[in-house]
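Numbering (my numbering), first residue to last: 439 to 526. Cβ coordinates follow ideal geometry from the N, Cα and C atoms, glycine included. No experiment lies behind these values; they were computed from the predicted model shown.
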Amino acid sequence: MTTSDEHDAALARLAERTAALRPPGGFTDRVMARVERETKEREPWAARGVVLGLLAAAAAISIWVSSAAQRELDGEALSSFDVVELEQ
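Right, here's the structure in full:
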C-alpha cells in the first residue's frame, strides 16, 4: 500500500471505531444556551467603539483648544516684550 492508501485505511478504521460515539443527550441545547448567555452578557460592551471614539474626539479637541490658547498667550507675550524693548 502507498502512504495515501495507509492513511485512508487508518481513517476508515477510526471511523468504524467511533461510529457509535455520540454526545450526551441535550449537549447541543446546553452549548447553544451557553452561547446565547455569553452573547447577552457581552451586549453592554457593544457600544465600546462609540465610547472610545467619543473619548478620542474629546482628547483631540482638548489638545486643539490648549494649543490655540498657547499660541494666543505666546502672541501676547511677544507683543508685551516688544513694548518693553521700545520703552527702554
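What does the alpha-carbon distance come out to for the pair residue i and residue j?
i: A498; j: V488; result: 15 Å
i: A496; j: L511; result: 22 Å
i: R475; j: T466; result: 14 Å
i: A447; j: A457; result: 15 Å
i: Q508; j: A494; result: 21 Å
i: A515; j: S504; result: 16 Å
i: V473; j: T440; result: 44 Å
i: M470; j: G464; result: 10 Å
i: L459; j: H445; result: 21 Å
i: L490; j: A506; result: 24 Å
i: A485; j: P461; result: 37 Å
i: D443; j: A450; result: 10 Å
i: W502; j: G513; result: 17 Å
i: A453; j: L492; result: 55 Å
i: R468; j: S500; result: 50 Å
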